[in-house]
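K.L.:
First to last, the sequence lines map onto chains A, B and C. Going by my numbering, the letters in the first sequence line up with residues 137 to 326, in that order. Going by my numbering, the letters in the second sequence line up with residues 434 to 816, in that order. Going by my numbering, the letters in the third sequence line up with residues 465 to 726, in that order.
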Amino acid sequence: MTRVLPLLLLALAACATPPGADDAVPYDPTAPLPEASLYGVASAWQSDAGEPAALADFRGRPVLVAMVYAQCGTACPFIVRDMRRIGEVAGVPGLQYVLVSLDPERDSPEQLRAFRASHDLGDEWTLLRGEADDVQTLAALLGVRYRPDPDGTIAHTNRITLLDADGAIVVRQDGLGTDPGPAADALRSL
Amino acid sequence: MTRPLRLFLLGACVALSGVIATQTLGCGSAVDDARADDSAISLPEIRGEEVAVLTHAPEVPPVITRDHATRVLVRMETVEVARELDDGVEYTFWTFGGRVPGPFVRVREGDLVAFTLSNAANSTVPHNIDLHAVTGTGGGAAISLVVPGHETTFEFRAIKPGLYVYHCATAPVGLHVANGMYGLILVQPAEGMPPVDREFYVMQSEFYTAGAMGEEGLQAFDLDKAVDEEPEYVVFNGRVGALTGEDALRAEVGETVRLYVGNGGPNLTSSFHVIGEMFDRVYGEGGTRVNQENVQTTIVPAGGSAIVEFLLDAPGRYTLVDHALFRAFNKGAVGILEVTGEERPEIMASTGPARPTAGAASAPPAASPAGDASASASTDESH
Amino acid sequence: MRCLLVALLVGVAGLPALAGAVHATPPEGMALVRAGRYRPLVETAGGPRTVRVEAFYLGRTAVTNAEYLAFVRARPEWRRSAARPLLAEAGYLRHWAGNLRLGAAAPPRAPVVNVSWFAARAYAAWRGARLPTTDEWEYAASASATQRDGRRDPAFRRALLQWYSRPAPSPLPDVGRGPANVWGVRDLHGLVWEWTSDVTSALVTADSRSSRDADSGLFCAAGAVGAADFEDYAAFLRFGFRSGLEARYVVPNLGFRLARDA
Numbered sequence: 137m138t139r140v141l142p143l144l145l146l147a148l149a150a151c152a153t154p155p156g157a158d159d160a161v162p163y164d165p166t167a168p169l170p171e172a173s174l175y176g177v178a179s180a181w182q183s184d185a186g187e188p189a190a191l192a193d194f195r196g197r198p199v200l201v202a203m204v205y206a207q208c209g210t211a212c213p214f215i216v217r218d219m220r221r222i223g224e225v226a227g228v229p230g231l232q233y234v235l236v237s238l239d240p241e242r243d244s245p246e247q248l249r250a251f252r253a254s255h256d257l258g259d260e261w262t263l264l265r266g267e268a269d270d271v272q273t274l275a276a277l278l279g280v281r282y283r284p285d286p287d288g289t290i291a292h293t294n295r296i297t298l299l300d301a302d303g304a305i306v307v308r309q310d311g312l313g314t315d316p317g318p319a320a321d322a323l324r325s326l
Numbered sequence: 434m435t436r437p438l439r440l441f442l443l444g445a446c447v448a449l450s451g452v453i454a455t456q457t458l459g460c461g462s463a464v465d466d467a468r469a470d471d472s473a474i475s476l477p478e479i480r481g482e483e484v485a486v487l488t489h490a491p492e493v494p495p496v497i498t499r500d501h502a503t504r505v506l507v508r509m510e511t512v513e514v515a516r517e518l519d520d521g522v523e524y525t526f527w528t529f530g531g532r533v534p535g536p537f538v539r540v541r542e543g544d545l546v547a548f549t550l551s552n553a554a555n556s557t558v559p560h561n562i563d564l565h566a567v568t569g570t571g572g573g574a575a576i577s578l579v580v581p582g583h584e585t586t587f588e589f590r591a592i593k594p595g596l597y598v599y600h601c602a603t604a605p606v607g608l609h610v611a612n613g614m615y616g617l618i619l620v621q622p623a624e625g626m627p628p629v630d631r632e633f634y635v636m637q638s639e640f641y642t643a644g645a646m647g648e649e650g651l652q653a654f655d656l657d658k659a660v661d662e663e664p665e666y667v668v669f670n671g672r673v674g675a676l677t678g679e680d681a682l683r684a685e686v687g688e689t690v691r692l693y694v695g696n697g698g699p700n701l702t703s704s705f706h707v708i709g710e711m712f713d714r715v716y717g718e719g720g721t722r723v724n725q726e727n728v729q730t731t732i733v734p735a736g737g738s739a740i741v742e743f744l745l746d747a748p749g750r751y752t753l754v755d756h757a758l759f760r761a762f763n764k765g766a767v768g769i770l771e772v773t774g775e776e777r778p779e780i781m782a783s784t785g786p787a788r789p790t791a792g793a794a795s796a797p798p799a800a801s802p803a804g805d806a807s808a809s810a811s812t813d814e815s816h
Numbered sequence: 465m466r467c468l469l470v471a472l473l474v475g476v477a478g479l480p481a482l483a484g485a486v487h488a489t490p491p492e493g494m495a496l497v498r499a500g501r502y503r504p505l506v507e508t509a510g511g512p513r514t515v516r517v518e519a520f521y522l523g524r525t526a527v528t529n530a531e532y533l534a535f536v537r538a539r540p541e542w543r544r545s546a547a548r549p550l551l552a553e554a555g556y557l558r559h560w561a562g563n564l565r566l567g568a569a570a571p572p573r574a575p576v577v578n579v580s581w582f583a584a585r586a587y588a589a590w591r592g593a594r595l596p597t598t599d600e601w602e603y604a605a606s607a608s609a610t611q612r613d614g615r616r617d618p619a620f621r622r623a624l625l626q627w628y629s630r631p632a633p634s635p636l637p638d639v640g641r642g643p644a645n646v647w648g649v650r651d652l653h654g655l656v657w658e659w660t661s662d663v664t665s666a667l668v669t670a671d672s673r674s675s676r677d678a679d680s681g682l683f684c685a686a687g688a689v690g691a692a693d694f695e696d697y698a699a700f701l702r703f704g705f706r707s708g709l710e711a712r713y714v715v716p717n718l719g720f721r722l723a724r725d726a
């Protein structure tokens, strides 16, 4: 018990909600995930640092997630910009930004690091790559459609999804340059 | 600057700007930072909410009398159902609301329409809806696709008044329309339309069956005939005889009638005519302005409409036709308007029995029905 | 003379090698679909007009209610009352009488329907197989009884359109009653729609009139998309159907069959 207690306290501290949050109850990362949580679907990922990562790592704080790929010079920079906008408008501290590669074969951790650098993405951003099956599963859960085209590009839906602290979908924002208002409102209400 | 050089530079500018556009805006060229500023169109304030009254042809929902825009709830279900196209002839229609044409939707200019489209669970294919009254990509089609057993809701502002066709626009569109998925939506102008005594909903369309016209049994769709634009049936309101006999339109002498006429196509343009009447006023192509008076036959394009008004001067049987006559008399494009009331011999009457023409003296005398001096003042269609 | 015979025998033995890779006997219930090229309905600008499909095994028939019942016995998390809404919407297996009872509306040998893409995938994984890709499915489905590509045959096309001219039967008939195509696969047409592994790639908007420029705000399309053959109505219908699907949807006339790498 004496060994466990400090660990528990540490865990609680780590997952403490940011000051000023509405709920006084700190997030319990050991509580069972609700049925609607995407984190309950088994998958394995790798970060752009080359480290293994799991979606459940994001438990405890809301997440804005989108699926892009490094070679995409057209829409994807706009998705990144739009994600930032939602964060700015919402003004909620502790927001996590996650980008998942639609092209894990070509998007090596190195490629993803280059993408991170060229877009000046800070620590609150995580870039992930995974097996083709897991990419397909996540895309299916998010409702993102994508299709590799013969010229090497990947045609894909432009969608940003807001997940709550449990990994359940709260709201979706579709298109490029869409008004971040509704997503920001949803984020603030979490 | 020489002309060739100017043209070259112009071409280069266009090409370059095209390149820049694709680079900066990428695939999302239609949507960018300068998102459409809605203040260009001033939208009236929405007050309250109501459920739209939908009617089956030939009925039309009552005139909207409110003086403000409101949120209108419209619900439609797409249903694939086998029904009679002609006596003994069955066809699997794809429909809005179980019948061809789909229901008549009536809203007011400025209304916010909340449209819920559901697809029956036993449907084979997905469906959606494109309302010509909707301003925006596909008229709502892209966002309204529903697979069997599902439903979706979308909203739009009816900013332009007029009489519009709606139809299913799921791939392949021709097939969905050819199977009967169309109807009319009237966006009543804010200032209203002049009052009339009766309004009717008439929609012309064609059917392309594998069997010849009249061949009994369940008929399949024939793609070759559709592509060649050679229908077996051209009908009003979804079947041969939909507006005849007991189902004929009815009105009374002295009334002003307004017909909302649509053409679902999919292919043919209609030459719409009412035998025995003239259209006092025509809102050509279903627009909001009377653009012609005293018209005999008016065009109703495929995927389009027309509004016609006429005062009924005399009683009798008036026949609605597509004046491309073989469609009327051989393929079913015939409907009846029965007008009852006082006879009006001063409008039309026969002045005596048929008689031989002058100069036919050598011909044997016609067997003259002497006792049958039919100087009856009936307004038979003499056309 | 003997030399000639030997030469002949060697030649004959070598023929399969010449014809293409020799494949092992197909797994039970599956047929070998040989490698080939086909022209997909949806084209992308600058892309090849034909797509090569590698040889693969495809289920001769769709997965049946009875087969799916065995799956949910083994995997309780996929029983009707337990399945997560995230992975299968309400209506999952609604035609069954209970969690483990088929009932009159679900004949054992009829194709299982009202299953989501996640469910179909889970079943495939349980069987050590997978779902066919859209290309694989369409390639196999372009075959008539006699030709690898029967799509130019007006009779073939007409037969496909017949299916849509009739209201859907209820309950669904047993699998395997339709004629086998040239690969020995049945009911790719005329019975139920079928899930494919990359159904989420159906990107062209359901509004086929605007398929030339997909709603560009929602879809980052790599160029103009057109239809290879506007008269291939059946393929259009399938394509339209896939565009309207989400992975968690269940539809009363949507089932699936298995595929395996060859």
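Ideal Cβ positions, reconstructed from N, Cα and C, are used throughout, including at glycine.
Classify ALA490 (chain B): buried if its beta carbon has 16 or more other beta carbons within 10 angstroms, exposed otherwise.
P.N.:
Buried is the call here.
K.L.:
Measure the CB-CB distance between PHE582 (chain C) and ARG724 (chain C) and report whether it falls below 8 Å.
P.N.:
Their beta carbons are not under 8 Å apart, which means PHE582 (chain C) does not touch ARG724 (chain C) by this criterion.
K.L.:
With burial defined as no fewer than 16 other Cβ atoms inside 10 Å of the residue's Cβ, what is the status of ALA454 (chain B): buried or exposed?
P.N.:
Confidence is the limiting factor: at ALA454 (chain B) the pLDDT is only 25, short of 50, which leaves the residue's position unreliable and the question unanswerable from this model.
K.L.:
If the cut-off is 9 Å on Cβ atoms, which residues from the region 539 to 551 of chain C count as contacting chain A, listed in chain order?
P.N.:
Residues passing the 9 Å Cβ filter: ARG548, PRO549, LEU550, LEU551.
K.L.:
With GLN207 (chain A) as the anchor, note down where its alpha helix (DSSP H) starts and where it stops.
P.N.:
From DSSP, GLN207 (chain A) is part of no alpha helix (DSSP H); its letter is neither H nor E.
K.L.:
For THR610 (chain C) and VAL493 (chain B), what's the separation of their Cα atoms in angstroms?
P.N.:
Answer to the nearest angstrom: the Cα atoms are 54 Å apart.
K.L.:
Is the beta carbon of GLU649 (chain B) sitting closer than 8 Å to the one on GLY481 (chain B)?
P.N.:
The answer is no: Cβ separation not under 8 Å.
K.L.:
Could one say the Cβ of ALA276 (chain A) lies closer than 8 Å to chain C's Cβ atoms, at least one of them?
P.N.:
Chain C contact via Cβ: present.
K.L.:
Taking any Cβ of chain B, which residues in the region 698 to 709 of chain C have a Cβ under 7 Å from it, in chain order?
P.N.:
Cβ contacts with chain B come from PHE700, LEU701, PHE703, GLY704, PHE705, SER707, GLY708, LEU709.
K.L.:
Check this for me: beta carbons of ALA711 (chain C) and THR664 (chain C), under 8 Å apart or not?
P.N.:
It is a contact, given that the beta carbons lie within the stated cut-off.
K.L.:
Among all the DSSP beta bridges, which residues are the ones paired with VAL686 (chain B)?
P.N.:
Note: VAL686 (chain B) sits in no beta bridge, so no partner.
K.L.:
For PHE633 (chain B), does the three-state DSSP call read helix, strand or coil?
P.N.:
Strand at PHE633 (chain B).
K.L.:
For a contact meaning CB atoms closer than 7 Å, what does SER629 (chain C) contact in chain A?
P.N.:
The contacting residues do not exist; SER629 (chain C) stays about 30 Å from chain A at best.
K.L.:
Excluding the 5 residues flanking GLY644 (chain B) on each side, which residues of the same chain have their C-beta closer than 7 Å to its C-beta?
P.N.:
Taken in chain order, the residues that qualify are GLN652.
K.L.:
For ARG308 (chain A), decide whether its Cβ has a neighbour in chain C, counting only Cβ atoms nearer than 8 Å.
P.N.:
With 8 Å as the cut-off, ARG308 (chain A) does not count as an interface residue toward chain C.
K.L.:
Does the region 640 to 657 of chain C touch the region 582 to 598 of chain C, meaning 3 or more C-beta pairs lie closer than 8 Å?
P.N.:
Verdict: no, contact absent.
K.L.:
Please look up how many angstroms separate the CB atoms of ALA485 (chain B) and VAL507 (chain B), rounded, as I've assumed it's under 8 Å.
P.N.:
That belief holds up - the Cβ atoms of ALA485 (chain B) and VAL507 (chain B) are roughly 5 Å apart, short of 8 Å.
K.L.:
May I ask you to list the residues that DSSP assigns as paired with ALA502 (chain B)?
P.N.:
Paired residue(s): B:ILE479.
K.L.:
With burial defined as no fewer than 16 other Cβ atoms inside 10 Å of the residue's Cβ, what is the status of VAL161 (chain A): buried or exposed?
P.N.:
When all chains shown are included, VAL161 (chain A) counts as exposed.
K.L.:
Where does the unbroken alpha helix (DSSP H) through ARG195 (chain A) begin, and where does it stop?
P.N.:
It is not in any alpha helix (DSSP H) - ARG195 (chain A) carries neither H nor E in the DSSP assignment.
K.L.:
Within a Cβ cutoff of 6 Å, which residues of the same chain sit near VAL497 (chain C), ignoring the five residues on either side of it in sequence?
P.N.:
So the qualifying residues of the chain are PHE520, LEU522, ALA604, TRP647.
K.L.:
Between which two residues does the alpha helix (DSSP H) harbouring GLN611 (chain C) extend?
P.N.:
Here GLN611 (chain C) belongs to no alpha helix (DSSP H), and DSSP marks it neither H nor E.
K.L.:
Going by DSSP, what residues sit across from ALA538 (chain C) in a beta bridge?
P.N.:
Answer by DSSP bridge pairing: none, since ALA538 (chain C) is not bridged.
K.L.:
Among B:ARG516, B:TYR615, B:PRO477, which one has its Cα closest to the Cα of THR503 (chain B)?
P.N.:
Ranking B:ARG516, B:TYR615, B:PRO477 by Cα distance to THR503 (chain B) puts B:PRO477 first.
K.L.:
So, for VAL225 (chain A): in the same chain, excluding its five sequence neighbours on each side, which residues have a beta-carbon less than 6 Å away from its beta-carbon?
P.N.:
Result list for VAL225 (chain A): PRO316, ALA320, in chain order.
K.L.:
Counting beta carbon pairs with one atom in the region 581 to 598 of chain B and one in the region 549 to 559 of chain B, are three or more of them shorter than 8 Å?
P.N.:
A contact exists between the region 549 to 559 of chain B and the region 581 to 598 of chain B.
K.L.:
Secondary structure at SER634 (chain C), three-state DSSP: helix, strand or coil?
P.N.:
Three-state DSSP puts SER634 (chain C) in coil, outside helix and strand.
K.L.:
Note down, in chain order, all residues in the region 540 to 572 of chain B with a beta-carbon under 8 Å from any beta-carbon belonging to chain C.
P.N.:
So the list reads ALA554, ASN555, SER556, THR557, VAL558, PRO559, ASN561, ASP563, THR570, GLY571, given in the order they occur along the chain.
K.L.:
Note down the Cα distance separating GLY313 (chain A) from GLU246 (chain A), rounded to an integer number of angstroms.
P.N.:
When rounded, the distance between both Cα atoms is 29 Å.
K.L.:
State the start and end residues of the unbroken alpha helix (DSSP H) segment that holds PHE589 (chain B).
P.N.:
Where PHE589 (chain B) is concerned, there is no enclosing alpha helix (DSSP H), although the beta strand (DSSP E) it sits in stretches over 584 to 590.
K.L.:
For the region 575 to 604 of chain B, enumerate the residues whose C-beta is nearer than 8 Å to any C-beta of chain C, in chain order.
P.N.:
So the close ones are ALA575, LEU578, VAL579, VAL580, PRO581, GLY582, HIS583, ALA602, THR603, ALA604.
K.L.:
Does LEU518 (chain B) have its Cβ less than 8 Å from a Cβ in chain C?
P.N.:
No, its Cβ sits nowhere closer than 8 Å to a Cβ of chain C.
K.L.:
Using a threshold of 8 Å, state whether the C-beta atoms of VAL686 (chain B) and ALA747 (chain B) are closer than that.
P.N.:
Closer than 8 Å, so yes.
K.L.:
Name the two residues that bound the continuous alpha helix (DSSP H) containing SER629 (chain C).
P.N.:
618 to 629 is the extent of the alpha helix (DSSP H) around SER629 (chain C).
K.L.:
Considering only their Cβ atoms, is the gap separating MET646 (chain B) from GLU665 (chain B) smaller than 8 Å?
P.N.:
Contact flag set, yes.
K.L.:
Tell me the DSSP bridge mates of ALA304 (chain A)?
P.N.:
In the DSSP output, where bridge partners are listed per residue, ALA304 (chain A) has A:SER173.
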